[in-house]
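**Q** Dropping the structure in here first, questions after.
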RNA sequence: GGGGGCGUAGCUCAAUGGUUAGAGCUGGCGGCUCAUAACCGCUAGGUUGGGGGUUCGAGUCCCUCCGCCCCUACCA
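Numbering (the numbering used here), first residue to last: 14 to 573.
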């Protein structure tokens, strides 16, 4: 048994997440966590809401709420949506927690003691009308390069030129529109990443098995030379900087957010958390896997490691990164701010969690951005889930109920059709297992689908409805194999469709969390006690009708 | 501007430089009748974004052009 630490990128607090966010980190992490638990490993699956930063303050203001109350409420909203999707976090914490405050301040102190922190004076754009300093992107104005009038302070959206807020002509606040903006002096703490470059490079060098994309991003930052990075902000909401002269300032959200991975573990287990995170406290044998979107890779391969390595304390660092591309809404962007696409709460209103889980994971954006369309979703639900899997379970259990009195029949022995099934499963199950281990989700679930289809092929070949008329033992052996197959498929499918797997196991009164099938198909397909009663389940997946699809397309504004 | 990635069948995706570029869905044909008009089998479908090059051999390597995505350190 191994110990597996799994973190999902933290969903930001400013509103419920859409399907793209879900499949970008939380869902694949959940599938992996469930798979690893089923294999008998000890898993800590950690997630949390990321609650600090300017966008959170603005979202709270827009909602007319105090920031703390807003975050508390949105945390519960996101937590409920995650539960609805069956995301099996061992903890879903908050980056605003006392644990994170304590740890973030601890890291800052250690970094300072080690000479990696320096206070620097600088001037930033301040808006009296808003009563706040403005991050670069919240300053807008006319682009000096192309004349575009709504260029942002970090980059012009029209010509793409990278800008500094002071470059803008006629700058104004993007928040209030006020043109009364000025430069003010302020002091901030800088993390001297430049001094940590050798350590970080050596650490990256020590991980040659990271994906090509991950490594190239890390080396790009290293090769350009790590720049010192401001880790504090002039905001009210955040983790206070415990230093004289920094009253009213907080740590930068990107400094404290990854530390929440650790703090959330402490929220989960205030006594045992160090065994996951401190290599001197037992974490040296932990395997740590991070899931994130492609935009997040640099922060996980360079920035956060700077914090950990610079502390000179024995913190656990990531072993394996899984980064995903974007899910797109019909080829365009899902957008939280513009409400474009489908959001987690809406998704659960219209279809069960497992249908989304299956579609999203079987089509996960692993090698490139992938288009989500309602038509493809509907097709996957109807074909893969309703026809291939759901109908298989239905036809087996219904036939067994009507012909064999609702018990697992006795008699007969495996014949030609069964032997062929054994051979196929003994090839496919190890292949599927290996793809899951490698986190090659699309390939894994193509294999799982093929395993479902193998069940239908088997039934077609065995044709117990025919043999029942002439050779009841033959039919009994086939039906018994079919029923065992339902159980086996439940176990194999549980990481991706846990709710359905539970229903399939309940057919045989099995309530325990499924464990991963070990051994040969011949034995796996004869585990149910002969003569044991079972209960045929209701239809597992209802099909989506054309009218329903049209209604959804209308509701969500699907491009046509 | 710089760096990285991607572009393959109508759609979503595979393919250590090596036979005739493969799956699933969709379409067409046939079979079965246990089952949610489901299932099983067969089949159709390609100038691998354009052009050039290296090689005995290129979807794969090189150059170039086109298009899309990510990063570029104060959005997170």
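The C-beta atom is built at its ideal place from N, Cα and C for all residues, glycine as well. Note that the structure is a prediction, hence the values are computed from the model and not measured.
Taking one C-beta from the stretch 354-367 and one from the stretch 402-410 each time, how about it: are there three or more such pairs within less than 8 Å?
**A** Result no; under three Cβ-Cβ pairs closer than 8 Å.
**Q** Run through the DSSP bridge pairs and tell me what residue 59 is partnered with.
**A** BP columns for residue 59 point to 20 and 104.
**Q** Here's the rule I'm using: 16 or more other beta-carbon atoms within 10 Å means buried, otherwise exposed. How should residue 14 be labelled?
**A** By the neighbour-count rule (16 or more Cβ atoms within 10 Å), residue 14 is not buried but exposed.
**Q** Per DSSP, what kind of secondary structure is residue 394 in: helix, strand or coil?
**A** The answer is helix: DSSP assigns residue 394 an H, G or I state.
**Q** Ignoring anything shorter than 4 residues or poking outside the stretch 311-388, list the alpha helix (DSSP H) runs there in chain order.
**A** Qualifying alpha helix (DSSP H) stretches, in chain order: 317-323, 357-363 and 366-375.
**Q** Look at the Cβ atom of residue 434, then the Cβ atom of residue 471, and state whether they are nearer than 8 Å.
**A** Yes, the Cβ-Cβ distance between residue 434 and residue 471 is below 8 Å.
**Q** Measure the C-alpha to C-alpha separation of residue 575 and residue 543 and round it to an integer number of angstroms.
**A** Residue 575 cannot be examined here, being either before or after the span of the chain that is shown, 14 to 573.
**Q** Using a Cβ distance threshold of 8 Å, determine whether the stretch 219-231 contacts the stretch 167-179, with at least three qualifying pairs required.
**A** Not touching, per the Cβ criterion.
**Q** Is residue 110 buried or exposed, if buried means 16 or more other CB atoms sit within 10 Å of its CB?
**A** Residue 110 comes out buried.
**Q** Pairing CB atoms from the stretch 345-361 with CB atoms from the stretch 31-46, are three or more of them under 8 Å?
**A** In short, these stretches touch, since the Cβ pair count reaches three.
**Q** Return the chain-ordered ranges of every alpha helix (DSSP H) run that is complete within the stretch 85-171 and spans a minimum of 4 residues.
**A** Counting whole runs of 4 or more residues, the stretch 85-171 contains the alpha helix (DSSP H) stretches 111-126.
**Q** Return the chain-ordered list of same chain residues with a C-beta closer than 7 Å to the C-beta of residue 295, the five sequence neighbours on each side being excluded.
**A** So the list reads 288, once near-sequence residues are dropped.
**Q** Determine, using beta-carbon pairs with one atom in the stretch 496-504 and one in the stretch 512-528, whether at least three such pairs fall under 8 Å.
**A** Contact holds: three or more Cβ-Cβ distances are below 8 Å.
**Q** Evaluate the contact criterion for the stretch 78-91 versus the stretch 128-140: three or more CB pairs, one atom per stretch, below 8 Å.
**A** Contact fails: fewer than three Cβ-Cβ distances are below 8 Å.
**Q** With a cut-off of 8 Å, do at least 3 Cβ pairs link the stretch 115-131 to the stretch 322-337?
**A** The stretch 115-131 vs the stretch 322-337: in contact.
**Q** Pick from 179, 277, 60 and 113: whose alpha carbon is nearest that of residue 156?
**A** Among 179, 277, 60 and 113, the Cα nearest to that of residue 156 belongs to 179.
**Q** Using the beta-carbon count (16 or more within 10 Å), is residue 335 buried or exposed?
**A** Flag for residue 335 reads buried.
**Q** Would you check if the stretch 73-83 and the stretch 259-275 touch, i.e. whether three or more CB-CB distances between them fall below 8 Å?
**A** They do not touch, by the three-pair rule.
**Q** How big is the Cα-Cα spacing for residue 519 and residue 143?
**A** Roughly 58 Å separates the two Cα atoms.
**Q** Would you kindly report the start and end of the unbroken alpha helix (DSSP H) that includes residue 217?
**A** Looking at the DSSP string, the run of the alpha helix (DSSP H) that includes residue 217 is 206-218.
**Q** In angstroms with no decimal places, state the Cα-to-Cα distance between residue 509 and residue 374.
**A** Rounded to the nearest angstrom, the two C-alpha atoms are 7 Å apart.
**Q** Which residues in the same chain as residue 284 place their Cβ atom closer than 7 Å to its Cβ, once the five residues preceding and following it in sequence are excluded?
**A** Nothing listed; no residue qualifies.
**Q** Is residue 442 buried or exposed, if buried means 16 or more other CB atoms sit within 10 Å of its CB?
**A** When all chains shown are included, residue 442 counts as buried.
**Q** Are residue 371 and residue 328 touching if we call contact CB-CB under 8 Å?
**A** It is not a contact, given that the beta carbons lie outside the stated cut-off.
**Q** According to the neighbour-count rule (16 or more other Cβ atoms, all chains shown, within 10 Å of its Cβ), is residue 19 buried or exposed?
**A** Buried, because 16 or more other Cβ atoms sit within 10 Å of the Cβ of residue 19.
**Q** Specify, as a first and last residue, the run of the beta strand (DSSP E) that residue 530 falls within.
**A** First-last for residue 530: undefined, no H or E at that position.
**Q** What separation, rounded to the nearest whole angstrom, lies between the Cα atoms of residue 158 and residue 164?
**A** Distance between the alpha carbons of residue 158 and residue 164 is about 10 Å.
**Q** Between the alpha carbons of residue 431 and residue 221, how many angstroms are there, rounded?
**A** C-alpha separation (whole angstroms): 44 Å.
**Q** Let me check understanding here. Comparing Cα to Cα, which of 532, 569, 120 and 69 lies closest to residue 351?
**A** Taking only the C-alpha atoms, the option nearest residue 351 is 569.
**Q** For the pair the stretch 95-110 and the stretch 57-66, tell me if three or more CB-CB distances fall below 8 Å.
**A** With a cut-off of 8 Å, the stretch 57-66 and the stretch 95-110 count as touching, because enough Cβ pairs lie within range.
**Q** Given a threshold of 16 other Cβ atoms within 10 Å of its Cβ, counted over all protein chains shown, does residue 580 qualify as buried or as exposed?
**A** The chain is shown from 14 up to 573; residue 580 falls before or after that span and cannot be answered.
**Q** Taking the alpha carbon of residue 465 as the point to measure from, which residue in 451, 396 and 316 has its own alpha carbon closest?
**A** Here the closest residue by C-alpha is 396.
**Q** Out of curiosity, what's the CA-to-CA distance linking residue 210 and residue 279?
**A** Straight-line Cα distance between these residues: approximately 29 Å.
**Q** Here's a check: name, in chain order, each residue in its chain whose Cβ is nearer than 6 Å to the Cβ of residue 333, leaving out the five neighbours to either side.
**A** 302, listed in sequence order.
**Q** Please classify residue 572 as buried or exposed, where buried requires at least 16 neighbouring CB atoms within 10 angstroms.
**A** Exposed.
**Q** Near residue 147, which residues of its chain fall below 8 Å by C-beta distance, leaving aside the five closest residues on each side in sequence?
**A** Once the five neighbours on either side are set aside, the close Cβ partners of residue 147 are 137, 138, 139, 140, 166, 178, 186, 187, 188 and 194.
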